[in-house]
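Q: Attaching a single structure in structure tokens format; questions to follow.
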Amino acid sequence: MRILILFSILAQLLSGCNSSNKKNKTEKLSDVKEMTDDQATVSVNEENYALAMADMAMQREFEQGANNTNWHHHYDIMELDKQPAPMMNRDTKYSFSILDGGGDVAITLPETDGRYMSLHIWNHDHVTYKVFYGPGRYVIPASVTSDYFVANVRTQVDSKDPEDVKKSSEFQNQLKIEYLDGYQPKPFRATKWNMDEFNKIHQKYVEIANQQGIMGTMGTIDNPVSLEDRNRGVAIGTGLLPDKDAVYLTGKYDVNKGNKYQVTYAVPEMVNPELGFYSITVYGDDQYLKTDMGSTLSNRDIKLNPDGKSFTITYVFQEDFDNSENQLVIPTETFWINFRVYMPGQSIIDGEYILPTVK
Numbered sequence: 001m002r003i004l005i006l007f008s009i010l011a012q013l014l015s016g017c018n019s020s021n022k023k024n025k026t027e028k029l030s031d032v033k034e035m036t037d038d039q040a041t042v043s044v045n046e047e048n049y050a051l052a053m054a055d056m057a058m059q060r061e062f063e064q065g066a067n068n069t070n071w072h073h074h075y076d077i078m079e080l081d082k083q084p085a086p087m088m089n090r091d092t093k094y095s096f097s098i099l100d101g102g103g104d105v106a107i108t109l110p111e112t113d114g115r116y117m118s119l120h121i122w123n124h125d126h127v128t129y130k131v132f133y134g135p136g137r138y139v140i141p142a143s144v145t146s147d148y149f150v151a152n153v154r155t156q157v158d159s160k161d162p163e164d165v166k167k168s169s170e171f172q173n174q175l176k177i178e179y180l181d182g183y184q185p186k187p188f189r190a191t192k193w194n195m196d197e198f199n200k201i202h203q204k205y206v207e208i209a210n211q212q213g214i215m216g217t218m219g220t221i222d223n224p225v226s227l228e229d230r231n232r233g234v235a236i237g238t239g240l241l242p243d244k245d246a247v248y249l250t251g252k253y254d255v256n257k258g259n260k261y262q263v264t265y266a267v268p269e270m271v272n273p274e275l276g277f278y279s280i281t282v283y284g285d286d287q288y289l290k291t292d293m294g295s296t297l298s299n300r301d302i303k304l305n306p307d308g309k310s311f312t313i314t315y316v317f318q319e320d321f322d323n324s325e326n327q328l329v330i331p332t333e334t335f336w337i338n339f340r341v342y343m344p345g346q347s348i349i350d351g352e353y354i355l356p357t358v359k
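Residue numbers (the UniProt record's numbering): 1 to 359.
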């Protein structure tokens with residue numbers, strides 16, 4: 001079962017706008033703000049659903065400190081009793097800011113120890129400007145952003161290593177944002193949407209997304225997707241990366257209690273193996289994390305087979321787990337995995353990589 005999805009904290013958040021329509025989009029959003037002052041709510045329809053979905057998510061981050069030059073860092077690894085959605089991510093930690101798009105902005109990613117770090121810039125109606133990788137100072141021109149836009153930094157982390165969790169937080173703290181040419185940014189202001197209308201449209205697109213997945217739903221300024229695809233993607237994967245930047249392969253398996261299962265996987269193609277990475281995370285039958293230990297492995301701790309092109313994972317039930325090499329816990333007799341590939345190669349994007357079964 002192959003679904004391109006970004007299940008993560010980010011799946012609860014944010015969205016964007018096409019630069020060619022920036023002036024019109026900004027005018028429309030300004031009209032919405034004015035309407036909010038005079039009316040109880042703003043109507044939601046299929047044309048502005050992605051904007052509404054993102055606007056509410058952006059407000060949640062803004063309320064936690066994501067405001068122009070200030071970041072809201074998600075320092076903690078996802079806790080079992082605080083999972084807000086299925087298939088949450090323990091591979092990366094997130095840092096957000098909700099920025100005023102009226103001026104040019106420079107965002108600096110620090111030098112790290114070589115781990116994956118990306119900067120995802122996307123606009124108010126869920127369209128990506130660019131994804132940047134690695135240390136550097138990246139200038140985001142006002143000409144490519146909407147009235148407000150999202151900066152999201154993903155930092156790779158080894159959730160099993162407390163020292164690595166601490167180190168990744170130190171890298172997060174070195175992120176910097178500055179407005180250029182003396183521009184004075186204004187804080188984000190959310191719109192009051194008609195929630196009855198929103199909920200009806202939202203439910204429609206959630207059902208479509210659950211049936212079709214969300215592959216090909218995050219458009220970019222240079223390669224936009226249809227409104228229907230954008231609405232489908234934002235419904236369950238707000239803030240997901242474009243296809244070329246991340247692929248998630250999911251599998252559902254039925255096994256027998258007490259057995260052990262060895263499964264050999266091919267190393268997935270990545271456009272930059274030094275910077276990109278891959279991982280396997282295991283979930284219960286309800287798609288939620290069930291164990292702290294033995295729930296995830298990444299290429300940083302997976303040992304390859306002698307051929308250097310494959311690796312073998314041993315799936316065991318909790319009572320047999322001893323933290324051995326390449327070992328993952330089966331939480332329930334029906335369980336799911338999510339095989340994530342960051343910076344995937346073309347063969348992954350094209351669907352040529354097929355997950356082997358667990359049997």
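Every residue gets a Cβ at the ideal spot worked out from N, C-alpha and C, and that includes glycine.
#1: Please state the DSSP three-state secondary structure of R340.
#2: Just to confirm, is the Cβ distance from Y253 to T357 under 8 angstroms?
#3: What residue from D158, K176, S43 has the CA that sits closest to R115's CA?
#4: Specify the secondary structure class of S168 as computed by DSSP and reduced to three states.
#5: Let me confirm a value: F339 is counted as buried when at least 16 other C-beta atoms fall within 10 Å, else exposed. Which label applies?
#6: Since E111 sits in a beta bridge, which residues does DSSP pair it with?
#7: Between which residues of its own chain and I77 is the CB-CB distance below 8 angstroms, once the five residues before and five after are set aside?
#8: Just confirm the distance between the C-beta atoms of H126 and Y148, as a whole number of angstroms; I'd bet it's less than 8 angstroms.
#9: Could you check how far apart the C-beta atoms of L328 and I280 are, in whole angstroms? I think they sit under 8 angstroms.
#10: What's the gap between the Cα of V282 and the Cα of D222?
#11: Provide the residue span of the beta strand (DSSP E) that contains L328, from first to last.
#12: Over the uninterrupted alpha helix (DSSP H) stretch that includes Q203, give me the two end residues.
#13: Just to confirm the assignment: which complete beta strand (DSSP E) runs, minimum length 3, are found wholly within the region 289-315?
#14: Only counting the same chain, and skipping five residues up and downstream in sequence, which positions put a Cβ closer than 6 angstroms to that of T264?
#15: Less than 8 angstroms separating the beta-carbons of P268 and Y353?
#16: Starting from S97, trace the beta strand (DSSP E) both ways and give me its first and last residue.
#17: Beta-carbon within less than 6 angstroms of T332's beta-carbon, same chain only, minus the 5 sequence neighbours each way: which residues are those?
#18: Specify, as a first and last residue, the run of the beta strand (DSSP E) that V247 falls within.
#19: Between L241, F198, R232, which lies nearest to A209 when the distance is taken from Cα to Cα?
#20: Suppose contacts are defined by Cβ-Cβ distances below 8 angstroms. Is S97 in contact with A151 by that definition?
A: Once the coordinates are examined:
#1: In the displayed model, R340 falls within a strand according to three-state DSSP.
#2: Their beta carbons are under 8 angstroms apart, which means Y253 touches T357 by this criterion.
#3: Residue D158 holds the alpha-carbon nearest to the alpha-carbon of R115 among D158, K176, S43.
#4: In the structure shown, S168 sits in a helix (DSSP, three-state: H, G or I).
#5: Residue environment: F339 is assigned as buried (16 or more neighbouring CB atoms within 10 Å of its CB, all protein chains considered).
#6: In DSSP, E111 forms no bridge with anything.
#7: Apart from sequence neighbours up to five positions away, the residues of its chain that approach I77 with a beta-carbon distance below 8 angstroms are R90, K93, V157, S159, V165, ordered along the chain.
#8: Distance from H126 to Y148 at the Cβ level is roughly 13 angstroms; contact not present, criterion being Cβ atoms closer than 8 angstroms.
#9: Confirmed, Cβ separation roughly 7 angstroms.
#10: Distance between the alpha carbons of V282 and D222 is about 35 angstroms.
#11: In the DSSP annotation of this structure, the continuous segment of the beta strand (DSSP E) that includes L328 starts and ends at 327-330.
#12: Its alpha helix (DSSP H) spans residues 195-212.
#13: List check, beta strand (DSSP E) in window: 296-298.
#14: Excluding positions up to five away in sequence, the list reads S310, T312.
#15: Yes, these two residues count as a Cβ contact at 8 angstroms.
#16: According to the DSSP assignment, S97 belongs to the beta strand (DSSP E) that extends over 92-100.
#17: Within its own chain, the residues whose Cβ lies closer than 6 angstroms to the Cβ of T332, once the five positions on either side in sequence are excluded, are G284, D285, listed in chain order.
#18: Unbroken beta strand (DSSP E) run through V247: 246-254.
#19: The option with the nearest alpha carbon to A209 is R232.
#20: Yes. Within cutoff.
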